[in-house]
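K.L.:
Protein chains in written order, with UniProt numbering: chain A, 1 to 491; chain B, 1 to 491; chain C, 1 to 491; chain D, 1 to 491. Structure in structure tokens, see below.
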């Protein structure tokens with residue numbers, strides 16, 4: 001087999017097969033057929049067309065798929081945006097209506113520090129709720145059940161029993177939590193919650209040719225005294241439930257039928273299923289070919305194919321397409337469910353659709369690889385990947401050790417080091433060029449030991465990561481690029 | 001032809017022509033003439049002067065052009081600045097005069113949430129408008145038509161008909177939009193608009209020896225209820241119309257005549273036309289030479305010139321000058337129209353003048369290339385360009401896929417991911433060292449699934465782009481530099 | 001000694017020993033034994049296991065140690081967090097209760113400028129202190145000593161004597177500082193201090209199954225007039241003392257016994273002592289081996305071992321483990337003391353525990369080095385280290401010179417250049433991608449000479465450091481990487 | 001001359017001289033002497049000591065100089081800081097006392113928009129000035145001249161004559177500016193200025209053992225109506241004059257005599273003069289040697305020394321020391337003048353002292369260069385310098401073209417692009433990792449053409465500069481480093 005030449009993307013496979021060729025064995029028919037099959041398997045669509053005249057149906061299917069999936073995503077995003085805006089603006093409205101002296105975008109936390117203020121704020125909520133019709137600018141209304149308005153619910157949590165004398169440093173507490181509906185401030189109080197439901201209709205959609213939906217806003221205003229530190233934090237939360245309205249009549253504009261969009265989603269699902277099937281078939285063909293080839297190698301050269309050679313037969317692009325198809329199918333099914341008001345889990349749907357589309361687009365790079373000059377860039381990135389991962393492992397451990405140390409020492413003195421998660425985010429941001437001066441500056445200067453430590457900590461961390469580790473990254477990539485450039489003629 | 005040696009900036013052309021040389025054909029007169037012409041064509045002005053004593057008129061013209069175009073730009077910018085300041089400060093004044101409780105630079109949107117507030121604000125606008133003369137510190141006055149003051153216009157938009165009962169989840173709406181002039185709050189209200197015209201004279205210019213202009217400010221105050229979310233956003237817009245005043249008399253200072261500046265503009269236009277003509281001639285000469293040369297090649301070596309060789313004959317610097325001349329001519333014409341108050345499109349004019357000047361300045365680099373050591377830098381940048389473009393294509397696709405995914409999933413939870421445009425800007429900024437921590441931090445923590453996703457999304461994006469792709473950029477440039485350095489002796 | 005082959009991490013040692021090998025001396029038994037011992041000493045645990053079947057106890061011990069030290073750190077951090085939150089929220093509460101018109105997160109310093117305001121603020125503090133029980137939302141109480149409430153202490157400092165007439169430019173001052181308890185504003189006043197003690201119990205911990213602690217807050221409100229500039233800065237400081245409560249009774253939930261955690265700490269101490277002992281033993285073995293080997297070298301080859309060769313025998317990883325063990329032992333002892341309320345020095349403890357854990361985690365990299373491909377990265381970093389240090393020295397001097405110059409010239413005009421420390425932080429941040437525009441912008445434009453200087457200063461500094469010095473860093477690392485890659489086969 | 005070997009820092013000189021060596025001419029005595037002199041001249045202090053036993057007096061002098069200059073700088077900085085703090089806090093106090101409703105650190109400009117407000121603010125200033133003694137917390141007093149208080153001065157500027165009718169678009173104006181002392185609002189008003197002088201004594205210095213100084217604050221409050229846009233900006237400026245107090249008596253603490261510091265300054269001046277003289281002598285020796293050598297070369301090899309070879313004989317370090325000495329001497333003289341209250345130009349003095357100290361410190365790098373491994377870094381930086389400068393020229397032109405274009409087009413729409421200076425700062429900051437998103441975001445979206453332009457502008461600028469030009473910088477340095485490393489053995 002003097003010329004088993006594969007248009008493979010693997011250098012090792014190339015060396016292997018061309019190595020076989022020089023062994024000088026007689027060429028049998030079965031082998032020649034296998035060789036031809038492998039060669040054909042590793043061709044790209046253009047080459048396949050030139051070789052056997054096979055039209056690149058799969059390629060065309062993928063291109064159409066990319067187009068319609070992107071359209072679907074954009075449509076979903078735009079319609080989603082209207083819902084989000086309505087929710088956000090309502091939340092802002094509720095904060096302005098029910099929280100006394102509320103100011104947008106204030107830096108200070110919205111909290112109370114005096115007994116009188118707490119009573120005032122609770123009364124204010126109740127009074128505003130009572131006068132809602134005369135105040136609100138929207139079509140907010142109370143919820144009605146069996147033609148009776150559902151009442152506002154005021155509910156307080158406190159320790160069952162407790163006598164606390166800080167001056168004597170003595171206390172007696174029964175840590176069971178009881179609930180009552182009459183608000184009374186005491187040192188046992190844990191929290192006061194005011195709950196009520198408001199309804200509204202999102203009329204805005206009429207102008208965008210969609211049917212208005214009915215919204216149930218469950219408002220929960222919490223006066224949180226869990227810390228017993230003299231500060232009661234006030235928080236307004238807003239749980240939203242979206243329903244189709246029971247009765248409606250629209251004239252002068254038409255609510256666009258959702259059947260069309262559902263149909264469009266179905267089309268996408270069908271295309272994804274076809275694409276999924278075709279790719280799965282290709283993958284299976286690849287695996288069969290690999291089995292046949294490794295059997296052949298074992299028999300004639302009595303040697304096993306290495307794992308990396310075996311993996312060569314599984315085209316990673318097909319795997320990418322299969323994953324993206326699966327994600328898109330699930331996402332589209334969820335979307336249909338949302339549009340027919342069966343589900344409201346926008347987030348889950350958007351994650352599936354989003355990552356699906358992301359992978360589909362990333363798959364486009366594959367087609368770029370058919371041009372040689374684009375190929376080198378992709379190959380470099382791919383070849384550098386294992387080294388980068390290996391390097392990130394090492395760097396990651398140093399990073400982790402800094403995280404732990406920063407969290408425990410600086411946590412009490414700096415907002416950004418409060419939780420392990422924010423420490424990690426802060427350090428990651430510092431490496432990538434975040435504002436360092438505020439991080440330095442906001443370190444409270446009360447404790448000079450910690451202050452010294454923070455300086456050493458930040459200077460060494462930044463120097464180590466930016467000057468040494470980031471530089472090493474560049475070196476890694478440069479090195480890989482040089483290697484690839486030498487090997488390129490074989491690809 | 002043993003020594004067709006071109007001082008060309010193209011390595012390929014050099015190889016081609018010197019390659020011809022080694023073919024050892026007899027030297028005919030026509031060929032020798034052609035060779036000489038080509039050689040002369042690729043000379044720079046200094047070499048041309050040394051070779052044939054031709055004075056570098058074109059070079060001198062370009063240098064003068066750069067100087068006067070820059071002067072024109074600076075003068076235009078300074079005079080433009082006065083107009084912009086006057087407009088901006090008037091807008092601030094109007095906001096302070098007509099919007100109740102308006103605060104500069106507030107973080108919160110200027111919006112209303114209560115019915116009483118809306119009536120208050122509308123009344124306030126009308127009252128302030130009525131008392132304008134006793135309040136304003138400037139020379140603002142009402143517009144007068146036929147010696148009658150034009151009135152303030154209050155106008156409201158609402159759905160023609162509508163009965164909305166959110167508690168019953170029923171609604172009936174006629175989506176036609178009607179307009180009326182009596183403000184009345186209802187759930188059908190879409191917006192209230194108050195429109196009026198104020199006039200003022202920009203006296204400030206007297207001190208800068210320019211004639212004061214008359215300004216018409218058309219103020220539109222919009223109470224926007226389109227979202228029907230309980231929040232009415234208030235916005236003050238200011239459309240400005242600048243005219244020459246009808247009658248004026250200035251003593252004690254003289255309004256500088258605009259004839260001088262118009263004359264200056266005309267001078268620039270003439271210079272640009274000359275420069276344009278000269279460069280076009282050079283380009284045409286180049287094309288003719290190329291045609292002749294390729295005919296010669298076809299005849300004697302029976303081979304076609306490649307596209308890249310053909311393009312060598314079209315000096316890209318000339319193209320740059322032609323483009324910049326065209327832009328400057330259009331920009332100067334617009335400027336004359338603005339200065340004679342025929343047009344007010346400052347923006348279009350500044351874009352033309354700005355890009356024109358930018359290209360003219362960029363053209364200066366060409367003259368730097370005459371020195372060998374400067375040349376290597378320019379050549380590296382130029383040689384790396386195709387690779388960088390190719391690379392940006394690949395990176396752009398991954399970037400785009402991240403954009404789509406980020407928009408759809410994180411859009412509802414983060415301000416920076418609201419529109420596809422801001423997603424792109426945010427991600428681009430992140431790569432180039434923007435504050436990452438706020439981006440991490442502002443992710444609303446309500447939905448833990450999305451929160452997890454956002455972490456994975458940001459960490460992978462930043463790592464991929466900063467560590468791998470940015471590093472590859474450096475590698476690309478380094479590689480090109482090394483190639484150029486080896487080839488340099490041939491240039 | 002033809003094959004003294006060391007699996008050493010030092011290239012130089014390798015060269016030395018293999019060099020000896022080629023000298024062709026006869027192989028004596030003692031030498032062979034020494035060779036074997038050295039070879040064994042430089043093996044990693046896996047190789048030792050394969051060579052002599054020695055189970056890697058030390059390795060297992062280290063892995064367990066890492067796990068339990070991390071658990072200890074996280075537990076300590078979480079319990080620490082509750083204390084910090086309680087302290088912080090109380091401080092905020094005190095500021096809101098005792099400082100008149102206090103606003104959270106204000107940009108302006110909390111300061112007074114009028115005589116009347118000072119009296120008002122002092123009276124407000126006293127009044128709020130008197131009414132504390134009716135105002136506070138927490139269980140704050142006055143301190144009681146011998147069943148008498150400890151009083152609020154108002155105390156003023158002033159120069160003993162002074163007559164100041166700025167209009168005559170004459171003054172007479174006795175700079176002794178006296179103290180009195182009656183507040184009276186005069187130009188001699190230096191400061192007014194109000195001190196009082198409040199007690200509270202941190203009930204919150206009950207819900208986290210810990211026993212509530214008793215807190216003594218010593219509040220010091222200072223009206224600072226030291227500068228005599230017409231601005232009196234007001235500051236509220238809060239010294240916290242945490243005690244076990246004297247008498248307590250908790251029902252409905254159980255306060256987790258601290259014995260368990262103390263036991264856990266003791267376990268860690270024991271493990272660290274074992275690890276410490278083992279590593280010390282290994283280090284000693286290494287030193288003995290080195291002495292033996294150098295004696296051998298001196299005898300047979302009559303040459304001295306170089307310092308770098310000698311250092312090869314002291315495994316730096318062991319040193320790291322010994323240091324981290326020492327830190328962890330001290331930290332754990334402090335932790336036990338804190339948990340038994342003997343000490344309250346959270347900071348010192350957290351620094352010891354934090355750095356201990358950091359070093360333990362960094363030690364993990366050592367185990368990564370057993371895989372060859374991970375090794376190259378660690379080796380590069382280690383090999384580049386001396387060069388980087390050398391380079392940082394040079395860069396550091398230029399940096400220092402810029403610091404001095406910036407401090408003295410720009411200090412009076414820019415907040416960030418006020419002290420040498422902030423200058424250093426600001427410049428360091430600028431190098432690593434901090435916001436440069438605000439630094440440019442905030443330079444006060446009053447003095448045009450200084451303004452010019454600041455521009456030159458910043459442009460040159462940034463260009464020099466980012467373009468030249470940072471680039472040189474990358475070059476250093478690249479160069480080291482290339483060297484290491486060539487040498488790698490010998491390791 | 002077979003071995004003229006210079007320990008020179010110039011590769012070219014080395015090649016030249018060793019080149020001479022191979023010419024095989026007979027060695028004459030004069031030549032040998034010249035050679036020895038040149039060799040000695042290029043030795044560093046250590047080598048000189050080893051060669052001829054000359055003690056390194058110059059080196060010791062420099063080291064002492066560095067120490068005392070740094071001490072002087074720090075002392076000056078600390079004493080300067082007290083003055084700056086006093087000035088700043090007084091300015092803040094004056095703003096709070098005399099500007100109505102003044103708020104620290106407000107985002108909005110402090111400006112007025114209503115007629116009534118202007119009268120209010122003017123009255124407020126006068127009233128506060130009248131009641132100053134009862135309000136101020138400092139020892140502020142009115143200025144007294146001939147035992148009469150100097151009065152507050154209110155002064156208004158307006159156009160001499162003017163009738164302005166914006167509704168008719170007619171105006172008549174006499175642009176002469178008149179001044180009067182009675183405030184009256186009219187459309188002719190240009191500005192109102194209130195001026196008065198306050199005196200104070202900086203008592204704070206007593207505690208730092210310095211004598212208190214007497215301060216004259218000239219306050220100028222300007223109501224600026226130059227723009228006639230309806231917005232009157234209010235500004236308080238504070239001119240400070242520092243004098244020695246006329247009569248003073250301090251007991252209980254002693255004002256440190258300034259004679260000691262003046263003596264210290266004189267010591268520095270003397271040391272600098274010595275250092276200056278020694279270095280000048282060395283430079284002159286070098287020039288003489290160069291003349292002799294070039295005469296020799298001309299005679300024997302009949303070739304001229306190149307400029308770069310000639311420059312080798314002028315040690316650039318000596319030039320640096322001479323410059324720093326000159327700066328320090330001038331700075332110290334100014335400092336003495338300031339301390340004896342002859343001058344108050346702190347800024348000029350600090351610029352001289354600051355740059356002097358900066359250069360002295362930079363000179364320290366020279367001593368590092370005596371160690372070979374440190375040398376390579378310094379040599380690389382020095383060798384890369386010309387290339388970097390060349391490159392910055394090219395990049396600078398592109399940069400400039402972007403500046404012009406950005407200023408003219410985006411200036412009216414973005415704060416950061418208002419002046420050419422801020423455009424340059426903004427773009428420079430963007431390259432070096434400034435916040436890009438705010439720059440994108442703050443672009444006003446009113447004009448979609450400009451909005452589009454701004455996107456193209458920013459994306460191309462950032463891509464071009466960060467990806468191509470910054471990468472090329474790294475390549476330049478890498479390339480130089482590689483060259484230097486090969487040449488190093490010759491140094």
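C-beta: ideal position from N, C-alpha, C; glycine also.
#1: For residue 288(A), would you say it is in contact with chain C, using Cβ-to-Cβ distances shorter than 8 Å as the test?
#2: By Cβ distance below 8 Å, which residues in the same chain neighbour residue 439(D) in space, the five residues on each side in sequence not counted?
#3: Would you check if the segment 314-332 of chain B and the segment 354-367 of chain D touch, i.e. whether three or more CB-CB distances between them fall below 8 Å?
#4: May I ask which residues mark the beginning and end of the alpha helix (DSSP H) holding residue 293(A)?
#5: Which residues share a DSSP beta bridge with residue 80(C)?
#6: Give every residue of the same chain whose Cβ lies closer than 6 Å to the Cβ of residue 237(C), excluding the five residues on either side of it in the sequence, and list them in chain order.
#7: Does any residue of chain D bring its CB to less than 8 Å from the CB of residue 453(C)?
#8: Is residue 191(A) closer than 8 Å to residue 223(A) when the C-beta atoms are compared?
#9: Identify the contact partners of residue 85(C) in chain A, using a Cβ-Cβ distance below 8 Å as the criterion.
#10: What do you reckon, are the CB atoms on residue 286(D) and residue 313(D) nearer than 8 Å?
#11: Hey, how far is the Cα of residue 23(B) from the Cα of residue 308(B)?
#12: Could you spell out where the alpha helix (DSSP H) holding residue 133(D) opens and where it closes?
#13: Residue 394(B) and residue 374(A) look like a contact to me (Cβ under 8 Å); what is the Cβ gap, rounded to whole Å?
#14: Within its chain, find whatever has a CB closer than 7 Å to the CB of residue 348(B); leave out the 5 residues flanking it on each side and keep chain order.
#15: Which whole-angstrom value is the C-beta distance of residue 492(C) and residue 472(D), which I expect to be below 8 Å?
#16: Just list the alpha helix (DSSP H) runs in the segment 63-130 of chain D, keeping only unbroken ones of 4 residues or longer that don't cross its boundaries, in chain order.
#17: Within the 8 Å Cβ cut-off, does residue 327(C) reach chain D?
P.N.:
Looking at the atomic coordinates:
#1: Any Cβ of chain C closer than 8 Å to the Cβ of residue 288(A) would place that residue at the interface, and such an atom is absent.
#2: Result list for residue 439(D): 414, 416, 426, 430 and 458, in chain order.
#3: The segment 354-367 of chain D is not in contact with the segment 314-332 of chain B.
#4: Here the alpha helix (DSSP H) through residue 293(A) covers 259-300.
#5: Listed as beta-bridge partners of residue 80(C) by DSSP are no residues whatsoever.
#6: Shown here for residue 237(C): same chain residues with a beta carbon closer than 6 Å to its own, the five before and five after excluded, namely 220 in chain order.
#7: Taking a beta-carbon distance threshold of 8 Å, residue 453(C) counts as an interface residue toward chain D.
#8: Yes, these two residues count as a Cβ contact at 8 Å.
#9: The answer, in chain order, is 227 and 229.
#10: Yes. Within cutoff.
#11: At residue 23(B), the pLDDT of 44 sits below 50, so the modelled position is not reliable and the matter cannot be decided from this model.
#12: Per DSSP, residue 133(D) belongs to the alpha helix (DSSP H) from 132-135.
#13: With a Cβ gap of about 6 Å, residue 394(B) and residue 374(A) count as contacting.
#14: So the qualifying residues of the chain are 334.
#15: What the structure shows of chain C is the stretch from 1 to 491, and residue 492(C) is not part of that stretch, so it cannot be assessed.
#16: 115-130, all fully within the segment 63-130 of chain D.
#17: Output row for residue 327(C): interface = no.
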